[in-house]
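Residue numbers (numbering that gives the first Met the number 0), protein chains in the order written: chain A, 0 to 301; chain B, 0 to 348.
Note that CB positions come from ideal geometry on N, CA and C, so glycine has one too.
All values reported here derive from a predicted model rather than from experimental measurement.
As C-alpha cells, the structure follows; a few thoughts come after it.
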Amino acid sequence: MDRIILGDNQFFGINHMSEEKGRSLAMRFRDTEAIIRVIDIAYACGIRAFMFNTHDRVEEICDHFRANPGRYADLRIYPSMPYAHKYANAIHEKGLVGALNAFVFSGRSVRQVATTVIRGGRTVINKNMVEVMKLLVDAEMRIFRGLTVPAVFLQNIVTDLLLGFGAREVFVEFARHVKRTYGADPAFNTMNMPALVDFLLASGIENPIVCSSINKTGFLMTPSRHAYERALAQKPFRPMAMSILASGAISPKEAVEYVCHLPNVRAIVFGASSEEHIAQTVEMISSNWNIGVSTRKLADAS
Amino acid sequence: MLRGGVVGFGRMGITHFSILNTHPSVELVAVCDSSGFVLKNAIQHLGVKAFRSFDKMLGTMGLDFVIVATPTAMHADVTECAISHNAHVFVEKPMTLNPEQGERLLELLKGKNLVHQVGYAIRFHDVFLKVKSLLDSGAIGELLTFTVEMNGPVVLHDARGSWRFKKTEGGGCLYDFASHGVDLVSYLVGPPDDVVGTVFNRIHSASVEDAISSTFLYRNGARGNLLANWSDPSYRKPSCRFEALGRKGKIIADFYTYKVLFHEAPEVAGYSEGWNEGYLADIAEPVRFYVRGFQFTRQLDYFIDCILEQKACETCSFEAGLCTDMIIRRIRTDGDSRRSHNGQNHTGR
C-alpha cells in the first residue's frame, strides 16, 4: 500500500476553511491542464499514488494518463466513489429512483448523465440495494478503465449512511465485488472511524483499509480523538489519515509529527497545489516515517 | 428504548434514519414510503417494517415518535396523524405549506405534552450558534442592516420530474431552499414587520421560482435583505452567508468561517477590537455519530433528549416553524403581487 497519496480536493474547489479559498482554487484549476501540471510536480517529488473522487472532470484527467502510458506507467489511482454532490443534485432533480436509473443505465460519462432521461423498461426498481451498488461501482469504475487501481474507496457520506443503517450485506458485497471484478482492495472513507472499524471487523471484512480525518485538534473525528487513538492502537486494520491539517487549524510540521507518531497509520492522503507545499509535505512525512526522501521508489516504501 | 418510524425515505429521510439508528436510546422499527424499491430494501437491509400508508404505520406500530420527511405538501396530514396517535414529531422544513395548516397543528397539540420540532438544521450549526450568541449578547450594538444569502447548484437543468418543481407540493426555491434563509432571519433577528420588494426569477424551472430577492423592514428602522438562488453553478454546494452591521461592529458568517469586527474593545470575552476571525474547525463540538454535518446529528439528538427528559423543544419548535411559514407567506404574497423583472409571468399565478 502506498504511504503518501495526493488527494484531489484542491483541484475541485473543496476547501473546508473558506468558501472564498475554494472558489479561487476552482478558478485556478478550471483547466484540466492546470491539474495535470500539479500531478506532474507531485510525480517529480516522488509521489505515485493519487486519490480521485469520481468528480465529472476526473475522466479528462484519466484520459490524459491513458494517452501517455509511458510517462505514467507506475501511477496508482485510489478512486473514492461516488462524488456525493453529483448524486445529491441528481436525486433532487429526478428523485431517488430516477437518479439511480440515470447513473446505472446511461452508459455515458457522468457529465452527460444529469441531462439523460431514461425511457423504457430498464429500471432499478426491481433490483435490490446490493445489485444497484454493484452497478453504480461499475459505472464509476469506467472512468478509470485501463489504469492501475490498488484499492477502491467508498466515499464517506455513503459509507456513514450505510454504517448508520447497519447494512452489513452491502459492505460485504462491496468488498467482494471490488476484489473479484477489479482485483482491488475494498476501502472506506468515514467520519466515524472507530465505529466503522468495529462494524467491518464484525462483518468479517479482514484488515480493511479505512481512511479518516486524523489530526491533533480532533476535527471531524467522531466521537473523539481519544476513541481514534485507541482504535489505531488496538484494532487490526489499515488506517489511512486525511485532513491532517484540520483545514488549516494546525501548522504542517505539528500536524505531520502528530500523525506520523501514531501507531499503525499506514498512509497519509494530503492536498496541496504548489511545488513548495508538496515537496515540503513529502519531505516531512518521509523523514518522520524514515522512508527515504523523494526517491522514485518512494511510493513503494511500504 | 424509544420506538420510532420515518415517513418519507428520500434524501433527508435516509439521513435521519442513519443518524437515529445509531442512537443508544432509539429503536427504529418502521419506514413509510411510496416507492416499492425503497420498501423492499428497507425490509431486507434495515430490518424494519415497511408501509405505504402512514396511517397504517402509526395505527399499528405503537410508535413513540415519528420523523416526517415527505414532500412538504404531506407534512400536515402525516403530522396530524402522528399527533392523534400521541407520537412525538420531528418534521422536515418548511413545516407546512401554509400557516393555516401550522396553526391547526398547534391547536391539536394543545394539552398533549408531545415534543415537536422542525428540521431547520442551521439552528444547530456551530458557526450560526456562535453568531446567535454574539447577536443576543448585544455585542455589535443596535442592528442596522443585515443580509442572508443562500446560493447553490441545486437545479441546473430544465427539470420537472420531482415534487420539488411543483408549487402545490411545496416545491420551488422559496419553500424548498430559501426557507432555511428565512428561518435564519427569524432565528437570528426576529420576524420582520414588513416584507417589500420581493422578486421571483425563473431560470430553469417551468412552474416554480429559481431565485428570490426580498427586503425585510423592522419598526426600529433596521433593514434586511434575503437573496436566494438554487440555480447558481458557481457554487460547489449549497451555501449560506449572513452579514449583519450593528452600531458597534459587524458579523460575517458562513458554514466554515465567521468574522467579527468591533469598533471598540468589546465586552464579550474572547474578542478584541478590530477584526476577529474563527473557523468551524476550531469551534466544532463533536457529535456521537456524523453523517453530512454536525448539525444533523445535533438536532435529532436534541429532539430525543427532549422526549427522554420530558421537556419542550426550545430551539426549533412548531411555534418557530409557524413563525417562519408566516414570513414565507408574506414573501410569497409580496412577490406574487408584482411581475418579475425579467418579464416572465410571475410564479404566483
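query: Just to check my reading of the structure: B/Ala72 and B/Met11 have Cβ atoms closer than 8 Å, yes? What is that Cβ distance to the nearest angstrom?; result: In fact, because the Cβ distance is near 15 Å, the residues do not count as touching under 8 Å.
query: Does A/Leu231 get closer than 8 Å to chain B when you measure Cβ to Cβ?; result: no
query: Residues of the segment 167-179 of chain A in Cβ contact with chain B at a cutoff of 9 Å, in chain order, please.; result: Arg167, Glu168, Val169
query: So what's B/Asn224 in DSSP terms, helix, strand or just coil?; result: strand
query: Near A/Ile60, which residues of its chain fall below 8 Å by C-beta distance, leaving aside the five closest residues on each side in sequence?; result: Thr31, Ile34, Ile35, Ile38, Phe51
query: Assuming B/Ser17 contacts A/Phe269 (C-beta within less than 8 Å), just tell me the rounded distance between them.; result: With 8 Å as the limit, B/Ser17 and A/Phe269 do not qualify as a contact, their Cβ atoms being about 29 Å apart.
query: Using a Cβ-Cβ cut-off of 8 Å (strictly less than) and excluding sequence neighbours within five positions of A/Ser202, which residues of its own chain qualify?; result: Arg167, Phe170, Val171
query: Here's the rule I'm using: 16 or more other beta-carbon atoms within 10 Å means buried, otherwise exposed. How should A/Ala43 be labelled?; result: exposed
query: Compare the C-beta of A/Leu74 against all C-beta atoms of chain B and say whether one is closer than 8 Å.; result: no
query: Which word fits B/Thr14, buried or exposed, when buried means at least 16 other C-beta atoms lie within 10 angstroms of its C-beta?; result: buried
query: DSSP has B/Tyr257 in a bridge; who is on the other side?; result: B/Ala252, B/Gly277
query: Report the neighbours of B/Asn40 on chain A: residues whose CB is nearer than 7 Å to its CB, in chain order.; result: Asn127, Met128
query: Mind pulling the chain B residues with CB within less than 9 Å of A/Pro18?; result: The question names Pro, but residue 18 of chain A in the sequence shown is Glu. Tyr234, Arg235, Ser238, Arg240, Asp253, Phe254, Tyr255, Thr256, listed in chain order.
query: Would you mind listing the alpha helix (DSSP H) stretches within the segment 150-196 of chain B that are 4+ residues and don't spill past its ends, in chain order?; result: 178-187
query: Find the residues of chain A that neighbour B/Thr167, judging by a C-beta separation of less than 9 Å, and give them in chain order.; result: Those do not exist, as B/Thr167 stays about 17 Å from chain A at its closest Cβ, beyond 9 Å.
query: Tell me B/Asn200's beta-bridge partners as DSSP assigns them.; result: B/Ala210
query: Using the beta-carbon of each residue, which ones in chain B are nearer than 9 Å to A/Pro222?; result: Pro285, Val286, Arg287, Phe288, Tyr289
query: Check whether the Cβ of A/Asp187 lies closer than 8 Å to any Cβ atom in chain B.; result: The sequence as given places Phe at residue 187 of chain A; Asp does not occur at that position. Judged by the 8 Å Cβ criterion, A/Phe187 is not in contact with chain B.
query: Contact criterion: CB-CB distance below 8 Å. Does B/Ser161 meet it with respect to chain A?; result: yes
query: Who are the neighbours of B/Ser34 on chain A, taking C-beta pairs under 9 Å?; result: Gly94, Leu95, Val96, Ile124
query: For A/Thr31, decide whether its Cβ has a neighbour in chain B, counting only Cβ atoms nearer than 8 Å.; result: no
query: Which of the residues in the segment 176-187 of chain B, read from start to end, lie with their CB under 8 Å from any CB of chain A?; result: none
query: Starting from the beta carbon of B/Tyr278, find every residue of chain A whose beta carbon is closer than 7 Å, and list them in chain order.; result: Met16, Ser246, Ala248
query: Going by C-alpha distance, which of A/Val264, A/Glu253, A/Leu244, A/Trp288 is nearest A/Tyr227?; result: A/Val264
query: So, does the CB of B/Arg10 fall closer than 8 Å to a CB anywhere in chain A?; result: yes
query: With 8 Å set as the bound, which would you pick, yes or no: does the beta-carbon of A/Thr216 sit closer than that to a beta-carbon of chain B?; result: yes
query: For a contact defined as C-beta to C-beta under 9 Å, what are the partners of B/His44 on chain A?; result: Asn127, Met128, Val129, Leu161, Phe164, Gly165, Ala166, Arg167, Glu168, Val169
query: Just list the beta strand (DSSP E) runs in the segment 17-82 of chain A, keeping only unbroken ones of 3 residues or longer that don't cross its boundaries, in chain order.; result: 48-52, 75-80
query: Hey, how far is the Cα of B/Thr167 from the Cα of B/Val207?; result: 10 Å
query: Taking DSSP as the reference, what is the three-state secondary structure of A/Arg144?; result: coil
query: Just checking, does the segment 124-142 of chain B make contact with the segment 231-248 of chain B on the three C-beta pairs under 8 Å criterion?; result: yes
query: Considering just the uninterrupted stretch of the beta strand (DSSP E) at A/Ser212, what are its terminal residues?; result: 208-212
query: How do the segment 267-281 of chain B and the segment 271-290 of chain A stand: do at least 3 beta-carbon pairs fall below 8 Å, yes or no?; result: no
query: Can you name the residues of chain A whose CB is closer than 7 Å to the CB of B/Thr21?; result: Gly163
query: Is there a Cβ of chain B sitting closer than 8 Å to that of A/Gly21, yes or no?; result: yes
query: Could you tell me the boundaries of the alpha helix (DSSP H) in which A/Pro185 lies?; result: No alpha helix (DSSP H) contains A/Pro185, which is instead part of the beta strand (DSSP E) from 184-189.
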